[in-house]
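Okay, structure first, notes after.
In my numbering, the protein residues as written are 13 to 508.
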């Protein structure tokens, strides 16, 4: 407006209306030219750096940043971890992995007959459908029918399971990240956007943008634990459109990460109906589905009576519920035949090895073991959760009561001198430097309220979790007693 007023004073012979239009057009073209020059300059600088380091500009722009912002801190913790011989070691509570029942899975997979059965099959040595071996896709169909679609039918037969879920609707790829990458790449185009309720898992950004060039568009909810309402979805859609984006996807995580809450079935159903009206795809990531009580959680498979159509896609993997992220086995259920066919070609670059598929097929159809594993894993998760929240209650720190998952979302904002992302980062660093406890900061999960942290309580055994929570209790007590300006090596001693 100042530009307009200055020019009105100097060009009085031009009418206000014509002048305003002329000035607006001039400023617009000037800004566009400036932005174009800046983009060209950045492109030239990036191209120069890429040439100097012998990599592509694509790599410079998208592939060099870590998929999770807190990866560096996590790797630091792995270099000198806590144990009885290193009582001052780091305790990472920032990675959402269930390591509490790894011994059960390892015992199962290390049985001699597992290797004998796997490697005596000639098919594991040869090319096959890159969607997955028939035995693996059939096993997955049975598993999802029994555990997700009909969890209330313990005696479900294989015949009924395969009639309810066709193996042809299942794809297998290298982890949930590989599945998500394929969905975004095969169903969207560069410039499309995915709407995601905040806060959300930070690696989603990389999953959709690194290869598929889909833009993540996070949006806030009035009640994050309840899921998005129709009006909130409308607002997010219109805001994305106003920024020149084409909303193509709605991405929901249920149970939610990092909130560890479960969406009601009607929330999922209404969101799908909303997305269908706009010809959008709904992706439901259910990677924590079996780390939830079955009487409170309902899979999108059950909500939609097994009929996902060609625009709803369910994602799951072994990474969380079975604590086996290193096996790199992810699944997708989709009624979109073109997507499934496309995945077959894309999986040339990211499929799962045939021996691993045979092993996983045997695992998923061993009802006795899966029942035992899930029951024991749930008991161990409940124990660690109680250790965690009991200490949080003693510390008088608000948290979101977990309904599922392997983490708890905690509000540390009361001990920040100012509620800003900068002070959240400083608090996070204090935890690392002086308590040697590594948490997931809310800012890394696109949280809008500074001071929120995720504690992944299933990454360490109970005795180590107790040490980590006690360290947090001590440093929080010191921060409350002292002025932030007085926090230093001396005043923060005695925490370890």
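All C-beta atoms, glycine included, are put in the ideal place defined by N, C-alpha and C.
Would you call the region 182-191 and the region 323-341 touching, i.e. three or more CB-CB distances under 8 Å?
yes
With distances taken between CB atoms, is the gap from residue 378 to residue 347 smaller than 7 Å?
By one-based count along the chain shown, residue 378 stands at place 366. By one-based count along the chain shown, residue 347 stands at place 335. Cβ atoms of residue 378 and residue 347: not closer than 7 Å.
Return the CA-CA distance between residue 77 and residue 220, expressed in angstroms with no decimal places.
In the chain shown, counting from the first residue as 1, residue 77 sits at position 65. In the chain shown, counting from the first residue as 1, residue 220 sits at position 208. Approximately 14 Å between the Cα atoms of the pair.
Sorted by chain position, which residues of the same chain lie with C-beta nearer than 8 Å to residue 133's C-beta, five sequence neighbours on each side aside?
Along the chain shown, one-based indexing puts residue 133 at 121. Sequence-distant Cβ neighbours of residue 133 in its own chain, meaning closer than 8 Å and more than five residues away, are 370.
Inter-stretch contact at 8 Å, needing at least 3 Cβ pairs: the region 155-175 / the region 137-146
Contact fails: fewer than three Cβ-Cβ distances are below 8 Å.
Are there 16 or more other CB atoms within 10 angstroms of the CB of residue 71, so buried, or fewer, so exposed?
As a working mapping, residue 71 is identified with position 59 in the chain shown. With fewer than 16 other Cβ atoms within 10 Å, it is exposed.
Option in 74, 80, 109 with minimal Cα separation from residue 472
Residue 472 sits at position 460 when you count from the first residue of the chain shown. It is 109.
For residue 95 and residue 118, I'd like the C-alpha separation in whole angstroms.
Taking the first residue of the chain shown as 1, we reach residue 95 at position 83. Taking the first residue of the chain shown as 1, we reach residue 118 at position 106. Using only the alpha carbons, I get a separation of about 22 Å.
Terminal residues of the beta strand (DSSP E) in which residue 503 lies:
Counted from its first residue, the chain shown places residue 503 at position 491. Per DSSP, residue 503 belongs to no beta strand (DSSP E) and is neither H nor E.
Are there 16 or more other CB atoms within 10 angstroms of the CB of residue 445, so buried, or fewer, so exposed?
Within the chain shown, the letter at position 433 stands for residue 445. Its Cβ having fewer than 16 others within 10 Å, residue 445 is exposed.
Inter-residue CB distance, residue 210 and residue 458 (contact presumed, cutoff 8 Å):
Within the chain shown, residue 210 is the residue found at index 198, counting from 1. Within the chain shown, residue 458 is the residue found at index 446, counting from 1. 5 Å between Cβ atoms; contact.
Limits of the unbroken alpha helix (DSSP H) element including residue 146
Sequence index remark: in the chain shown, residue 146 carries index 134 (1-based). Membership of residue 146 in the alpha helix (DSSP H) is indicated by the continuous run 146-156.
Can you give me the Cβ contacts of residue 448 inside the same chain, cut-off strictly under 6 Å, excluding the 5 residues immediately before and after it?
As a working note, residue 448 is residue 436 in the chain shown. Excluding residues within five positions, the ones whose Cβ falls inside 6 Å are 102.
Out of curiosity, what's the CA-to-CA distance linking residue 352 and residue 234?
Residue mapping note: residue 352 aligns to position 340 of the chain shown, counting from 1. Residue mapping note: residue 234 aligns to position 222 of the chain shown, counting from 1. Those two C-alpha atoms are separated by around 36 Å.
Collapsed DSSP secondary structure at residue 409 in the structure displayed
Stepping through the chain shown from its first residue, residue 409 is reached at position 397. Of the three classes helix, strand and coil, the one that applies to residue 409 here is coil, per DSSP.
When we look at the beta-carbon of residue 384 and count the other beta-carbons within 10 Å, is it buried (16 or more) or exposed?
As a working mapping, residue 384 is identified with position 372 in the chain shown. Answer is exposed; the Cβ neighbour count stays below 16.
Should residue 231 and residue 248 be called a contact, given that it needs their Cβ atoms to be closer than 7 Å?
Reading the chain shown from its first residue, position 219 is the one you call residue 231. Reading the chain shown from its first residue, position 236 is the one you call residue 248. Yes; because the gap between Cβ atoms is below 7 Å, this pair is in contact.
Contact defined as beta carbons within less than 8 Å: I believe residue 488 pairs with residue 368. What is the distance between those atoms, to the nearest angstrom?
Against the chain shown, residue 488 aligns to sequence position 476. Against the chain shown, residue 368 aligns to sequence position 356. That belief does not hold up - the Cβ atoms of residue 488 and residue 368 are roughly 43 Å apart, past 8 Å.
Outcome for residue 334 when other beta-carbon atoms lying within 10 angstroms are tallied against a minimum of 16:
Your numbering for residue 334 matches position 322 in the chain shown. Per the 10 Å Cβ criterion, buried.
Return the chain-ordered list of same chain residues with a C-beta closer than 7 Å to the C-beta of residue 240, the five sequence neighbours on each side being excluded.
Your numbering for residue 240 matches position 228 in the chain shown. The beta carbon of residue 240 sits closer than 7 Å to the beta carbons of 209, 233, 283 from its chain, once the five residues preceding and following it are set aside; these are given in chain order.
Of the residues 468, 434, 474, 442, which one's Cα is nearest the Cα of residue 455?
To locate residue 455, count along the chain shown from 1; it is residue 443. The residue with the shortest Cα to Cα distance from residue 455 is 434.
Check each candidate in 308, 291, 178 and name the one with the smallest Cα separation from residue 148.
Against the chain shown, residue 148 aligns to sequence position 136. For the set 308, 291, 178, the Cα lying nearest the Cα of residue 148 is the one of 178.
Starting from the C-beta of residue 404, find all residues in its chain whose C-beta is less than 7 Å away, skip the five residues before and the five after it, and write them out in chain order.
The residue given as residue 404 occupies position 392 in the chain shown. Excluding residues within five positions, the ones whose Cβ falls inside 7 Å are 411, 422.
Assuming residue 185 is part of the beta strand (DSSP E), what are its boundary residues?
Against the chain shown, residue 185 aligns to sequence position 173. From DSSP, the beta strand (DSSP E) with residue 185 extends over 182-185.
Buried or exposed for residue 493, please, with buried defined as at least 16 other CB atoms from any protein chain shown within 10 angstroms of its CB.
Here residue 493 corresponds to residue number 481 of the chain shown, with the count starting at 1. It is exposed - the Cβ of residue 493 has fewer than 16 other Cβ atoms within 10 Å.
Cα separation between residue 245 and residue 443?
The residue given as residue 245 occupies position 233 in the chain shown. The residue given as residue 443 occupies position 431 in the chain shown. Near 36 Å, if we compare the C-alpha coordinates of residue 443 and residue 245.
Contact between the region 261-268 and the region 295-309: three or more CB pairs below 8 Å?
yes
Give the range of the beta strand (DSSP E) segment to which residue 253 is assigned.
Within the chain shown, residue 253 is the residue found at index 241, counting from 1. Careful: residue 253 lies outside any beta strand (DSSP E), inside the alpha helix (DSSP H) at 242-254.
Unbroken beta strand (DSSP E) run spanning residue 376, endpoints
What you label residue 376 is simply residue 364 of the chain shown in a count that begins at 1. Unbroken run through residue 376 is the alpha helix (DSSP H), 366-376; no beta strand (DSSP E).
Can you tell me the Cβ-Cβ gap for residue 316 and residue 324, rounded? I've got them flagged as a contact below 8 Å.
Against the chain shown, residue 316 aligns to sequence position 304. Against the chain shown, residue 324 aligns to sequence position 312. About 7 Å; that satisfies the 8 Å criterion.
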